[in-house]
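Let me begin by presenting the structure, written as structure tokens, before commenting on it.
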Amino acid sequence: MDPIYINSKQLPTGDNCTFGPAGTELPTPEQVRSKAEHDGHDTSKTFRPEPVRFPELGLIVKWGEDITIAEGQCLWVLRQHLREEVPVPTIHGWRRQAGDSMASRWNDLSEDDRLSICSQLHNMIMSWRRIKPSLDTPGLFQRFFAAFVEFFNLEIASETTPKCHLSAINGDGLRDIIFCDAGSYPAGPFANISEFHDAYSNLLMQDGTRAESISYRKRNQELAGLRDDIPVVFTHADLDFSNILLSDPQDGPVCIKAVIDWHQSGWYPEPWEWLKSQSVVGPHSDWAKKYLSRVLKSVPHDYFYAWEYISMSTI
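Just so you know, we're using UniProt numbering here: the sequence shown kicks off at 1 and counts up by one.
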């Protein structure tokens, strides 16, 4: 058999390649992650995650930090030259998403770069906190009422304040991993923060019973910090270093290229973002002690205590 000589210069290359008829559209990286989350894959494991299937397209997508263009080029060569002898999948294309995770870069960043990242992340959080759930009907009145209260900076008793639902962005239950670990997944949706705190407190009842949790909360001094008068805001809920992608060092001043892994996101009590952020690195880490306060305001100690009292019970 004649040898097949491969010149690397003849191989398809580049960060974004598509093979097939003109106009062929492949799933975007965002759509792949979303489908992976929908299928129940752990998208926090980005080194070698499970492939994602798109049956309606007859497509399987391999993705993650361990996937290389060389693998795609190999499949392309085999299909081009040994189609009849060696059956391999048809390769439709690839796309490289630039950016190192903060986990791989943090120790090498200057203090100025670290402070810049803190400022950028703070501004991003403030931006996504502008995302609000739509109000229940009658919508016009409640929107007018909410705007009136905000404009005049009024303090209205909680029982007359329009409800703020706690849910995923599509209104489904929350998928925070704390509820998953406790076997209560997804959680909600909840009509108000009191219902959320009741459900969170119920995670302590590991025998699966569900008592009148509001009275349970009030009877348990350890949970006194779970006050129902704090704001509800849109929350990423997993700001781990691995979910913050940074620009290439050769591209100039460091900047956040993308915040990824939104499968736990939704509307939560305001302290939730800070609590989850410090929990993934530990409260005594350099990030938690020195930098996190530049990104988010610290949480009242009694809320922190109650949150940790419950979350530790789910481990």
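Even glycine gets a Cβ: it sits at the ideal position worked out from N, Cα and C.
1) If you run the structure through DSSP and keep just helix, strand and coil, what is residue 255?
2) For a quick check, are the C-beta atoms of residue 267 and residue 296 less than 7 angstroms apart?
3) Does the distance from the C-beta atom of residue 187 to that of residue 173 stay below 7 angstroms?
4) Closer than 8 angstroms by C-beta to residue 184: which residues in its own chain qualify, once you throw out the five before and the five after it? Chain order, please.
5) Please classify residue 83 as buried or exposed, where buried requires at least 16 neighbouring CB atoms within 10 angstroms.
6) How close, in whole Å, do the beta carbons of residue 114 and residue 291 come, if the pair is a contact with beta carbons under 8 angstroms?
7) Excluding five sequence neighbours on each side, which residues of the same chain lie with their C-beta closer than 7 angstroms to the C-beta of residue 182?
8) Name the DSSP bridge partner or partners of residue 131?
9) Measure the Cβ-Cβ separation of residue 49 and residue 60 and say whether it is below 7 angstroms.
10) CB-CB under 6 angstroms to residue 223, same chain, minus the five flanking residues each way: which ones, in chain order?
11) Using three-state DSSP, classify residue 72 as helix, strand or coil.
12) Please classify residue 72: is it buried, with 16 or more other beta-carbons within 10 angstroms of its beta-carbon, or exposed?
13) Enumerate in chain order the residues of its own chain whose CB-to-CB distance from residue 18 is below 8 angstroms, with the five nearest sequence positions on each side excluded.
14) Assuming the contact rule is C-beta atoms closer than 8 angstroms, residue 281 and residue 272 should be a hit. Round their C-beta distance to whole Å, please.
15) With a floor of 4 residues, list each alpha helix (DSSP H) that falls wholly inside the stretch 26-59, ordered by position along the chain.
16) Which of helix, strand or coil does DSSP assign to residue 217?
17) What residue range is occupied by the uninterrupted alpha helix (DSSP H) comprising residue 268?
18) Can you grab the Cα-Cα spacing for the pair residue 69 / residue 9, in whole Å?
19) Following the continuous alpha helix (DSSP H) through residue 292, name the residue where it begins and the one where it ends.
20) On the three-state DSSP scale, how would you describe residue 316?
21) Residue 124: which of 239, 54 and 62 sits nearest, CA to CA?
Judging by the given coordinates:
1) If you number the sequence shown from 1, residue 255 lands on position 255. In the structure shown, residue 255 sits in coil (DSSP, three-state: anything other than H, G, I, E or B).
2) Here residue 267 refers to the residue found at position 267 when the sequence shown is read from its first residue. Here residue 296 refers to the residue found at position 296 when the sequence shown is read from its first residue. Against a cut-off of 7 angstroms, the Cβ pair of residue 296 and residue 267 comes out as no contact.
3) Indexing the sequence shown from 1 puts residue 187 at position 187. Indexing the sequence shown from 1 puts residue 173 at position 173. Yes, the Cβ-Cβ distance between residue 187 and residue 173 is below 7 angstroms.
4) Residue mapping note: residue 184 aligns to position 184 of the sequence shown, counting from 1. For residue 184, where only same-chain residues beyond five positions count, the Cβ hits under 8 angstroms are 199, 202 and 203.
5) Reading the sequence shown from its first residue, position 83 is the one you call residue 83. Exposed: under 16 other Cβ atoms inside 10 Å.
6) Residue 114 sits at position 114 when you count from the first residue of the sequence shown. Residue 291 sits at position 291 when you count from the first residue of the sequence shown. Between residue 291 and residue 114 the Cβ distance is about 6 angstroms, and since that is below 8 angstroms, they are a contact.
7) The residue you call residue 182 lines up with position 182 of the sequence shown. Correct list, in chain order: 203 and 314.
8) Taking the first residue of the sequence shown as position 1, residue 131 is located at position 131. Answer by DSSP bridge pairing: none, since residue 131 is not bridged.
9) For this step, residue 49 is matched to residue 49 along the sequence shown. For this step, residue 60 is matched to residue 60 along the sequence shown. No, these two residues do not count as a Cβ contact at 7 angstroms.
10) On the sequence shown, residue 223 is found 223 positions in, with the first residue counted as 1. The residues are 201, 217 and 306.
11) Walking along the sequence shown from the start, residue 72 turns up at place 72. DSSP places residue 72 in helix when its eight states are reduced to three.
12) In the sequence shown, residue 72 corresponds to position 72, counting from 1. So residue 72 ends up on the buried side.
13) Along the sequence shown, read from residue 1 onward, the residue named residue 18 stands at position 18. Non-local C-beta neighbours of residue 18 in its own chain, meaning closer than 8 angstroms and more than five positions away in sequence, comprise 24, 26, 92 and 93, ordered along the chain.
14) What you label residue 281 is simply residue 281 of the sequence shown in a count that begins at 1. What you label residue 272 is simply residue 272 of the sequence shown in a count that begins at 1. Contact doesn't hold; Cβ gap of about 16 angstroms is too wide.
15) 29-38
16) Within the sequence shown, the letter at position 217 stands for residue 217. Three-state DSSP puts residue 217 in a helix.
17) What you label residue 268 is simply residue 268 of the sequence shown in a count that begins at 1. Here residue 268 belongs to no alpha helix (DSSP H); instead the beta strand (DSSP E) covers 266-269.
18) In the sequence shown, counting from the first residue as 1, residue 69 sits at position 69. In the sequence shown, counting from the first residue as 1, residue 9 sits at position 9. So the two alpha carbons sit approximately 14 angstroms from each other.
19) Locating residue 292 in the sequence shown gives position 292, where the first residue counts as 1. Looking at the DSSP string, the run of the alpha helix (DSSP H) that includes residue 292 is 292-295.
20) Any question about residue 316 goes unanswered here, given that the chain covers just 1 to 315.
21) Looking up residue 124 in the sequence shown gives position 124. Nearest C-alpha to residue 124: 239.
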